[in-house]
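Student:
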Amino acid sequence: MKNFRTMKRLALSAGLLALCSVPAVRAQQSPQSDPGQQAPQRAQRHGDDLADLNLSDDQKAQVQKIHENMKSQLDTVKSDTTLTQDQKHAKMEEIRKESHERVKQVLTPEQRAQLKADHKADKQQGSQAPPQ
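Residue 120 in the numbering used here sits at position 109 of the sequence shown, with consecutive numbering throughout.
#1: Between which two residues does the alpha helix (DSSP H) containing N80 stretch?
#2: For the alpha helix (DSSP H) containing D63, list its first residue and its last residue.
#3: Assign G137 to one of two classes, buried (16 or more other C-beta atoms within 10 Å of its C-beta) or exposed (fewer than that).
#4: Determine the closest residue to D68 out of V117, N80, Q125, with distance taken between C-alpha atoms.
#5: Going by Cα to Cα distance, which pick from M81, A124, T119, R123 is closest to Q104?
#6: Contact between the stretch 126 to 133 and the stretch 83 to 101 is defined here as three or more beta-carbon pairs at a separation below 8 Å; is this criterion met?
#7: With distances taken Cα to Cα, identify the nearest neighbour of K99 among Q84, Q73, L66.
#8: Could you tell me the distance, in whole angstroms, from the CA atom of K115 to the CA atom of Q70?
#9: Closer than 7 Å by C-beta to L11: which residues in its own chain qualify, once you throw out the five before and the five after it? Chain order, please.
#10: Alpha carbon to alpha carbon, what distance is there between E109 and D63?
#11: With DSSP run on the structure shown, which of helix, strand or coil describes K134?
#12: Buried or exposed for Q122, please, with buried defined as at least 16 other CB atoms from any protein chain shown within 10 angstroms of its CB.
Structure follows, in structure tokens:
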């Protein structure tokens with residue numbers, strides 16, 4: 012009987028230890044899991060892509076307004092304590108996609124084609140890069 016209780020406690024302790032260590036391992040394995048860390052990288056790439064398109068001053072102003080609106084929305088989502096990390100990530104991705112679509116609407120058909128070609132080239136380069 013005493014042996015059974017000891018085994019039960021040992022199993023319970025091992026289970027609790029395993030449960031507590033899973034989030035720590037996940038956080039260590041995936042530093043990109045924080046959506047806030049990805050935003051500066053994406054913004055830099057997006058800005059580089061747009062710089063190659065020779066935007067007019069009016070287009071630059073419209074894109075700037077879209078980006079400011081997006082940043083405001085992203086900041087609101089980041090500070091929302093009622094959402095889980097997964098919900099925040101999904102909402103932030105949705106905001107980015109909507110903003111990207113709005114930016115595409117500002118572009119001429121030629122600029123859209125150039126942007127699409129640039130994205131395709133970036134994806135090809137990314138798939139050829141060695142894993143980090």
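We put the CB at the ideal spot given by N, CA and C, even for glycine. Treat the numbers as computed from the prediction; the structure is a model and nothing was measured.
Tutor: Answer, in terms of the structure:
#1: 68 to 90
#2: No alpha helix (DSSP H) contains D63, which DSSP labels as neither H nor E.
#3: exposed
#4: V117
#5: Contrary to the premise, residue 104 reads as Glu rather than Gln in this sequence. Among M81, A124, T119, R123, the Cα nearest to that of E104 belongs to M81.
#6: no
#7: Q84
#8: 10 Å
#9: A question about residue 11 goes unanswered here, because the residues of the chain that appear run from 12 up to 143.
#10: 22 Å
#11: helix
#12: Buried: at least 16 other Cβ atoms inside 10 Å.
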